[in-house]
Structure formats: C-alpha cells, structure tokens
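Before any comments, here is the structure.
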Amino acid sequence: MKNLIATILDYKIKFVDKAETVAMLHENIEFELPSAISLMSIVLDYLMKRVEKLGVIRPEKSNLFVALDEAFVNAVKHGNKFDVKKLVRIAAEVSRDEARFTIEDEGEGFDVQNIPDPLDPQNLFKTSGRGVLFIYNIMDEVKYNDRGNRLTMVKKSDERNTV
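Quick note, the sequence shown lines up with residues 1 to 163 if you use my numbering.
Written out as structure tokens, the structure reads:
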C-alpha cells in the first residue's frame, strides 16, 4: 500500500502540473490514514512538494516539514495512541499566498494550556515534550479546537513573509 500511494502521488507531481497554471491554483488535499508512523514520510513528502510547486515556500528555507511531522506524530502517538483502527485526517489548502494544514485524530483531545513548559529547568533534559513549541515557533498561525484533537496551522508564502 505504501508503494502504491507513493507511485500515485509521484505521478501527480510529474505529469499533472503545468508551470503556467500553477500560479493560479488553489489546491485542496485530503488524506485519511491509519495511525501508522510508517505512512507519514510519504504523505509529508508529497505535501512539501505541493507547497513548493505552488510557490508558497522553499523547503530548504523552512522548517515546515518539522511542524507537520510533529503534528502528525502527536496525533498518532498522543491522540490515537498508536491504534491503527483510529484514523488521522490531514487536510491541506494550498495557494500562492499560504498553506493551511488541519490535522485531526480520533483521540479524546487535550488542553494545550496544560502542556508542561519545555523551557522549565526541570523539563530541559526530557527526551520529548517540545513538539507543540516547535509548531508555534515555525508556523504563522496555530489554533486547536476546543476538544484539542484538531490542529490548524498556517504558513504564509515566502513572499508575504519578507514584506
């Protein structure tokens, strides 16, 4: 299944896009995936290619992949607790102005205000607990739903970030 998904997504990138129309595109992308970390790299790689193709960011100048990776891992690990019967939904809206990502799990959710401060001296040497901090520092907008199981993140285009 992993190879089939990769093949289909590669075909779209190679043959469907035309340079003259890319500037006018507004693309919606949706995935529903089982809670398996093994599928993450294919999907995140595809999303990064779409964002780059539509001119939102240049991956080598952005930590967008880190933010998406952290959000996906949190949904699988903390939200769905690695239960492959539970889905992670990823939606992306990509245009020349911005890339908007929504990642939702089927877990009980959490209160983002109750996350331990990763910069607190007692937490500095812990091996985890910095993902949400990374997301807030990388993305231009970050919002959790009230339940705490859906995260929406926005990254503005490189052109808008430099103005």
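Don't be surprised by glycine CBs; every beta carbon is placed ideally from N, CA and C.
Residues in the same chain with beta-carbon distance under 6 Å from I5, minus the five sequence neighbours each way, listed in chain order, please.
Taking the sequence shown and counting its residues from 1, one reaches residue 5 at position 5. Answer for I5: I42, listed in chain order.
Hey, how far is the Cα of D10 from the Cα of M139?
The residue you call residue 10 lines up with position 10 of the sequence shown. The residue you call residue 139 lines up with position 139 of the sequence shown. Cα-Cα distance, rounded: 26 Å.
Give me, in chain order, the residues of the same chain whose beta-carbon lies closer than 6 Å to that of F101; leave out the 5 immediate sequence neighbours on both sides.
By 1-based counting over the sequence shown, the position of residue 101 is 101. Within the same chain, F101 has close Cβ partners A92, M153.
Put R130 into one of helix, strand or coil per three-state DSSP.
By 1-based counting over the sequence shown, the position of residue 130 is 130. Coil at R130, not helix or strand.
Straight-line Cα distance separating K155 from E141:
Taking the first residue of the sequence shown as position 1, residue 141 is located at position 141. Taking the first residue of the sequence shown as position 1, residue 155 is located at position 155. So the two alpha carbons sit approximately 7 Å from each other.
Less than 8 Å between C-beta atoms, sequence neighbours within five positions excluded: which residues of the same chain meet that for V84?
The sequence position of residue 84 within the sequence shown is 84, counting from 1. Within the same chain, V84 has close Cβ partners P34, S35, A36.
Rounded C-alpha distance that separates L68 from A75
Taking the first residue of the sequence shown as 1, we reach residue 68 at position 68. Taking the first residue of the sequence shown as 1, we reach residue 75 at position 75. For L68 and A75, the distance between alpha carbons rounds to 11 Å.
Would you mind giving the Cβ-Cβ distance between D111 and G79, rounded to the nearest angstrom? I have them listed as a contact below 8 Å.
Sequence index remark: in the sequence shown, residue 111 carries index 111 (1-based). Sequence index remark: in the sequence shown, residue 79 carries index 79 (1-based). No, D111 and G79 are not in contact; Cβ-Cβ is about 13 Å, not under 8 Å.
Closest by CA to V88, which one among E30, L25, R147, D158?
Translated into the one-based positions of the sequence shown, residue 88 becomes position 88. Checked all of E30, L25, R147, D158; the closest Cα to V88 is E30.
Candidates I8, M40, L44, L54, of which the one nearest L25 by Cα:
Your numbering for residue 25 matches position 25 in the sequence shown. Of I8, M40, L44, L54, the residue nearest in Cα terms is L54.
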